[in-house]
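Below: one structure, written as structure tokens.
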Amino acid sequence: MGKPSDALAPPSPSPLPTPLEESSSSISLADTLANAPIQRYFDDDPTELQHDDLPPLYSDDASSFRPVDPLMPVGSPEFQLQPFSRNNNDDTAYYVDRRLDSDPKFLEDHLNLLALVPPRPTVHLRGTHRETVRNGDRSERKEIVDFDITLDLTHLLYEDISAQRSWSTLCTVSNFEKVRRGTVFTTRAPGFGGPGSVPEAGVPDVGEWCRRFCTSRDGLRAFSFERRVVGWDFELLRGKLENLIRATNYRGHTRIEFPLRNARVEVYNDCRTNRWRLTKWIEMLFVFTLLFLFAWPWLLLRTHRWDTVYAEWCLSRRGEDGRKRYVSLSENRWYNLWARPISRAVLNRRQGVLDQGDLLDGVDATTPPAEGLAGWVQAGRDAMGVVDRSFGWGSDS
Numbered sequence: 001m002g003k004p005s006d007a008l009a010p011p012s013p014s015p016l017p018t019p020l021e022e023s024s025s026s027i028s029l030a031d032t033l034a035n036a037p038i039q040r041y042f043d044d045d046p047t048e049l050q051h052d053d054l055p056p057l058y059s060d061d062a063s064s065f066r067p068v069d070p071l072m073p074v075g076s077p078e079f080q081l082q083p084f085s086r087n088n089n090d091d092t093a094y095y096v097d098r099r100l101d102s103d104p105k106f107l108e109d110h111l112n113l114l115a116l117v118p119p120r121p122t123v124h125l126r127g128t129h130r131e132t133v134r135n136g137d138r139s140e141r142k143e144i145v146d147f148d149i150t151l152d153l154t155h156l157l158y159e160d161i162s163a164q165r166s167w168s169t170l171c172t173v174s175n176f177e178k179v180r181r182g183t184v185f186t187t188r189a190p191g192f193g194g195p196g197s198v199p200e201a202g203v204p205d206v207g208e209w210c211r212r213f214c215t216s217r218d219g220l221r222a223f224s225f226e227r228r229v230v231g232w233d234f235e236l237l238r239g240k241l242e243n244l245i246r247a248t249n250y251r252g253h254t255r256i257e258f259p260l261r262n263a264r265v266e267v268y269n270d271c272r273t274n275r276w277r278l279t280k281w282i283e284m285l286f287v288f289t290l291l292f293l294f295a296w297p298w299l300l301l302r303t304h305r306w307d308t309v310y311a312e313w314c315l316s317r318r319g320e321d322g323r324k325r326y327v328s329l330s331e332n333r334w335y336n337l338w339a340r341p342i343s344r345a346v347l348n349r350r351q352g353v354l355d356q357g358d359l360l361d362g363v364d365a366t367t368p369p370a371e372g373l374a375g376w377v378q379a380g381r382d383a384m385g386v387v388d389r390s391f392g393w394g395s396d397s
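Laid out in structure tokens, this is it:
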């Protein structure tokens, strides 16, 4: 008798039928691969690579979300504080932090960092005229905007913008300048026409002004920092642009300005009153309830201000030989570069910002005319410009 296990063992399954085109060797190879252990693909991580050895994900790396300012010098420290609020009209930044009004060294380092941020000089040209419009049984005068053009001049502040090289300096006011020196109203330094029994010994530097601000016992304090742009004759440029606009036979009212954005920073001491005065909804509440008629004069007379530190960004300066050198372009070279694009924009009644595309269109006079509908529109616009030059345009009616 055989063993029970032998008797109950099922018969071994018969091998699968072999396809006609498949040899026995290929079947043997397939069986071998099927029984082989599963290997890792090339893209899989090695088993010996631990989790800590992997590079951090973008979501885990805080520096991947940090914006990089290409105008800041490479290697400059990062801002440790963010503005408490900002004025959207002129980009004035307001800071309220205990360290800025109690630690002179921290305030000085913050000012040195603010001095690296450039202002935003621009050119604004606007032309308007007035028309009489009938509205039912009555007529009214309305102002019509003929053109409204803005050009950015920030790149002219740099000798080499890729290397962030500029002619900027952190300065303090002289003793003869009438500014607020921890006072409510402007004054000169003691001994130089200002009040005080002890004359000012020398010109205080940035660190000294920071020390005086932080050690002051006044309840409401404000330290102002300003960015200035010097070295261009803007009145000369204004006259050139005015003549350029009039050369198109424009007869309306022109306004040529040179606004400077991102030019002012104010540091307030940390207290409830200063936080309230910089909170928008509280400001609007005081306006709607007319409480500002009492609050603003009180704040004006209670706040002691320091307007003693500024950063000077030079578009030109005198060399040792007395000759004027420009950091990038002179007024005349900039005007010669942009005169044609500005003239075209005025005739085309543009409203917006002129950029590099307008500059290339104005310089490249050999560009072939556009085809199709765009070509017809361009031809019609050019023809209207010729008529405007001949008969005049933009006058009041």
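Position one of the sequence shown corresponds to residue 1 (full-length UniProt numbering), numbered consecutively onward. Every residue gets a Cβ at the ideal spot worked out from N, C-alpha and C, and that includes glycine. Values in this document were obtained by computation on a predicted structure and should not be read as measured data.
Taking the alpha carbon of residue i as the point to measure from, which residue in the options has its own alpha carbon closest?
| i | options | result |
| --- | --- | --- |
| D148 | V179, I245, V173 and S216 | I245 |
| N175 | L237, Y250 and P204 | P204 |
| D97 | S162, S139, C271 and P190 | C271 |
| G207 | L116, N336, A93 and N112 | N112 |
| residue 438 | Y94, L81 and A247 | The chain is shown from 1 up to 397; residue 438 falls before or after that span and cannot be answered. |
| V123 | N87, V184 and W232 | W232 |
| L236 | S216, R217 and E257 | E257 |
| E331 | I342, P341, R323 and S316 | S316 |
| L116 | P73, P199 and N135 | P73 |
| D218 | L299, S197 and L291 | L299 |
| P70 | E131, R165 and T248 | R165 |
| H304 | L260, S216, A247 and L157 | S216 |
| L114 | V133, I342 and P77 | P77 |
| I161 | N336, V327 and S343 | V327 |
| V229 | L156, C314 and P297 | C314 |
If you check the beta carbons only, do residue i and residue j fall under 8 Å apart?
| i | j | result |
| --- | --- | --- |
| G127 | G252 | yes |
| L354 | L151 | yes |
| N262 | D109 | no |
| L359 | W338 | yes |
| L301 | V184 | yes |
| Y310 | E200 | no |
Grab me the residues of residue i's own chain with a C-beta within less than 6 Å of its C-beta, minus the 5 sequence neighbours each way, in chain order.
| i | result |
| --- | --- |
| G319 | R325 |
| K178 | T186 and R188 |
| T169 | E312 |
| L125 | I149 and I256 |
| Y158 | S166 |
Tell me which residues share the same chain as residue i and place their Cβ nearer than 7 Å to its Cβ, disregarding the 5 neighbours each side in the sequence.
| i | result |
| --- | --- |
| C214 | D101, S102, D103, P104 and L107 |
| T154 | P118, R120 and P121 |
| T308 | T172, V173, V179, R181 and W209 |
| D295 | In the sequence as displayed, the identity of residue 295 is Ala instead of Asp. F286. |
| Q274 | In the sequence under discussion, the amino acid at residue 274 is Asn, which differs from the Gln named in the question. Here the set comprises V96, L220 and Y268. |
| A163 | none |
| N87 | none |
| N139 | For the record, residue 139 in the displayed sequence is Ser; it is not Asn. Cβ within range, chain order: T132 and V133. |
| G191 | P199 and E200 |
Report all residues from its chain with a CB closer than 8 Å to the CB of residue i; omit the five preceding and five following residues, and keep chain order.
| i | result |
| --- | --- |
| S12 | Any reading at S12 must be qualified, since the residue scores a pLDDT of 49, below 50, and its modelled position is unreliable; the value itself is stated next. Hits under 8 Å: none found. |
| W306 | R180, R181, G182, W209, R212, F213, R221, A222, F223 and S224 |
| S28 | Legend: pLDDT at S28 = 46, less than 50; position of this residue unreliable, value from coordinates given subsequently. Once the five neighbours on either side are set aside, S28 has no close Cβ partner at all. |
Which partner residues does residue i have in the DSSP bridge list?
| i | result |
| --- | --- |
| E226 | R264 and Y310 |
| T150 | H124 and V353 |
| C171 | Y310 |
| G194 | P190 |
| K324 | R318 |
| I144 | H129 |
| H304 | R221 |
| N348 | None, per the DSSP bridge assignment. |
| I256 | L125 |
| R165 | D160 |
Original post:
Does the region 342–350 come close enough to the region 137–144 that 3 or more CB-CB pairs lie under 8 Å?
Top reply: no
**OP:** Say whether the region 221–239 touches the region 264–275, bearing in mind that this needs 3 or more beta-carbon pairs closer than 8 Å, one atom from each stretch.
**Re:** yes
**OP:** Could you tell me whether the region 225–244 touches the region 272–287, where touching means 3 or more Cβ pairs closer than 8 Å?
**Re:** no
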